[in-house]
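Shown next, in structure tokens, is the structure this report addresses.
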């Protein structure tokens with residue numbers, strides 16, 4: 001599909017004069033039966049007779065950006081990182097994908113075969129939600145909860161596991177917040193004969209016991225983080241025995257184990273370029289699905305923690321906007337308790353708490369920032385994907401932070417009209433989509449709103465119970481806590 005589609009994609013404008021700002025690109029609708037081939041198996045959520053395919057290539061936004069993102073730096077020398085510096089953590093092919101400028105990367109057939117039971121995922125119009133809101137807007141959601149792990153995370157877990165297995169790796173380690181990523185890597189590791197060890201943020205380890213059991217069912221060993229199993233974990237516990245943990249701490253623990261064991265590699269569920277690359281199967285499918293309906297989005301909305309879900313949906317649409325074929329706005333939604341884009345600084349910082357990773361130019365709250373234990377555990381990360389941060393700095397997207405009680409109110413509206421109980425993370429996208437739809441109600445605009453529905457909340461019902469009982473409270477970051485954390489950001 002992707003090769004055929006690439007053959008009919010108009011060339012991107014070259015040069016600063018031709019390549020206008022994304023914010024100034026004129027809107028163009030995509031007609032049904034137009035740019036993309038539709039001679040594939042039908043999938044739920046489309047009009048009768050519409051057909052879509054599993055992409056055959058991942059898309060790399062870096063190839064089409066007018067300004068390339070700043071390089072990562074070595075944590076000791078502060079010089080641009082050599083790809084070989086990543087070899088203790090990743091197999092060669094994933095390192096190549098991390099640094100490539102190629103526009104498209106072929107998806108191995110072995111990976112496509114694993115995708116087939118749940119991809120393409122459905123694009124669904126939320127008609128009942130529209131009716132409840134009384135909005136003239138159309139709301140579409142791309143639903144990733146049909147995967148075995150219940151989220152978008154297997155889109156990258158499967159290729160990461162496959163590339164590691166193909167390189168002869170026996171053991172992989174990782175971090176997880178809510179458990180979506182840990183579940184996905186546990187699932188993928190079981191398919192390719194890998195031993196999988198997971199450090200789960202303690203707040204989520206305690207809140208979501210069935211995610212841990214899910215990982216263990218697929219054969220993974222799971223630790224609460226911070227743990228006594230690593231030097232990084234022991235240091236955190238010595239300073240704060242009651243630490244709720246964070247994704248930054250869990251990353252430190254997993255990276256430490258990978259870096260000190262030659263038979264072990266590290267897998268990451270978000271942030272890095274190759275992870276966002278793999279997630280573009282979401283947006284590539286969605287482009288084809290909307291084209292079949294004769295639609296193009298006016299606004300693309302997704303939650304952001306590390307950025308892979310948002311980037312996976314948005315990046316293919318950014319390509320189309322750069323080429324002048326459509327003109328959507330892009331909106332990232334983050335928790336008010338961890339406002340990386342809206343309150344963080346754009347600076348070189350470590351991706352983990354202990355300072356073991358390369359320095360990345362990104363929006364950050366400081367690598368020592370430990371967010372309050374909100375229920376959207378997958379969004380409790382101090383940083384943001386460097387590529388998302390770069391695009392944000394270029395003005396190609398905006399961001400908003402929303403409190404968790406508004407998000408869960410939106411989740412109930414969604415569940416009681418559309419039937420799907422969302423994970424806490426995508427409730428942020430739902431809340432922002434509802435805000436947009438209600439604004440359309442005021443203005444009369446018939447906008448097309450596209451949102452990323454990255455997973456179901458079947459293992460997150462304790463959070464819903466807390467909200468329904470009236471026990472959920474909004475959490476925010478104390479100014480002094482944020483100031484102290486930002487003060488520790490390296491001065492580079």
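In the UniProt record's numbering, the protein residues as written are 1 to 492.
Note that CB positions come from ideal geometry on N, CA and C, so glycine has one too.
In this text the structure is predicted, and so the values were computed from the model without any measurement.
Leaving out the 5 sequence neighbours to the left and right, which residues in its chain are closer than 8 angstroms to residue i when beta-carbon positions are compared?
| i | result |
| --- | --- |
| residue 438 | 133, 135 |
| residue 492 | 73, 78, 347, 348, 359 |
| residue 81 | 71, 72, 73, 74, 358 |
| residue 458 | 150, 421 |
| residue 146 | 118, 121, 122 |
| residue 339 | 365, 401, 477 |
Rounding to the nearest angstrom, what Cα-Cα distance links residue i and residue j in this structure?
| i | j | result |
| --- | --- | --- |
| residue 489 | residue 79 | 17 angstroms |
| residue 360 | residue 131 | 44 angstroms |
| residue 425 | residue 379 | 7 angstroms |
| residue 460 | residue 241 | 26 angstroms |
| residue 471 | residue 486 | 31 angstroms |
| residue 343 | residue 193 | 42 angstroms |
| residue 105 | residue 59 | 7 angstroms |
| residue 122 | residue 291 | 14 angstroms |
| residue 53 | residue 112 | 11 angstroms |
| residue 235 | residue 353 | 11 angstroms |
| residue 469 | residue 410 | 16 angstroms |
| residue 64 | residue 128 | 38 angstroms |
| residue 223 | residue 254 | 10 angstroms |
| residue 393 | residue 324 | 21 angstroms |
| residue 454 | residue 83 | 31 angstroms |
| residue 388 | residue 330 | 11 angstroms |
| residue 166 | residue 212 | 27 angstroms |
| residue 449 | residue 144 | 17 angstroms |
| residue 428 | residue 413 | 13 angstroms |
| residue 320 | residue 327 | 8 angstroms |
| residue 181 | residue 203 | 15 angstroms |
| residue 13 | residue 351 | At residue 13, the pLDDT of 43 sits below 50, so the modelled position is not reliable and the matter cannot be decided from this model. |
| residue 462 | residue 206 | 11 angstroms |
| residue 436 | residue 369 | 31 angstroms |
| residue 297 | residue 228 | 48 angstroms |
| residue 108 | residue 162 | 9 angstroms |
| residue 110 | residue 440 | 44 angstroms |
| residue 390 | residue 124 | 30 angstroms |
| residue 480 | residue 362 | 22 angstroms |
Please state the DSSP three-state secondary structure of residue i.
| i | result |
| --- | --- |
| residue 462 | helix |
| residue 218 | coil |
| residue 422 | strand |
| residue 402 | strand |
| residue 445 | coil |
| residue 57 | strand |
| residue 233 | helix |
| residue 240 | coil |
| residue 340 | helix |
| residue 481 | helix |
| residue 456 | strand |
| residue 383 | strand |
| residue 354 | coil |
| residue 415 | helix |
| residue 225 | strand |
| residue 390 | helix |
| residue 349 | strand |
| residue 363 | strand |
| residue 335 | strand |
By Cβ distance below 7 angstroms, which residues in the same chain neighbour residue i in space, the five residues on each side in sequence not counted?
| i | result |
| --- | --- |
| residue 313 | 142, 282, 283, 286, 300, 302, 452 |
| residue 274 | 94, 97, 98 |
| residue 355 | 75, 367 |
Considering only the beta carbon of each residue, do residue i and residue j sit closer than 8 angstroms?
| i | j | result |
| --- | --- | --- |
| residue 226 | residue 237 | yes |
| residue 357 | residue 269 | no |
| residue 256 | residue 232 | yes |
| residue 172 | residue 250 | no |
| residue 174 | residue 185 | yes |
| residue 515 | residue 477 | This structure cannot speak to residue 515, because the chain is shown only from 1 to 492. |
| residue 483 | residue 401 | no |
| residue 385 | residue 473 | no |
| residue 61 | residue 315 | yes |
| residue 156 | residue 57 | no |
| residue 399 | residue 475 | no |
| residue 197 | residue 170 | no |
| residue 415 | residue 139 | no |
| residue 189 | residue 168 | no |
Leaving out the 5 sequence neighbours to the left and right, which residues in its chain are closer than 6 angstroms to residue i when beta-carbon positions are compared?
| i | result |
| --- | --- |
| residue 381 | 247, 305, 306 |
| residue 89 | 258, 266 |
| residue 417 | 128, 129, 132 |
Can residue i be considered in contact with the ligand NAD, in the sense that its beta carbon sits closer than 7 angstroms to one or more heavy atoms?
| i | result |
| --- | --- |
| residue 477 | Absent from the structure shown: the ligand NAD. Ligands present: none. |
Extract the residue ranges of the beta strand (DSSP E) inside the segment 107-195, only unbroken runs of 3 or more that lie entirely within it.
Entirely contained in the segment 107-195, the beta strand (DSSP E) runs reaching 3 residues are, in chain order, 123-125, 138-143, 171-176.
In chain order, which beta strand (DSSP E) runs of at least 3 residues are fully inside the segment 255-326?
Runs of the beta strand (DSSP E) spanning 3 or more residues and lying entirely within the segment 255-326 occur at 264-266, 299-303, in chain order.
Within the segment 75-106, note down every full beta strand (DSSP E) run reaching 3 residues or more, in order along the chain.
If we require 3 residues or more, the beta strand (DSSP E) runs fully inside the segment 75-106 come out as 104-106.
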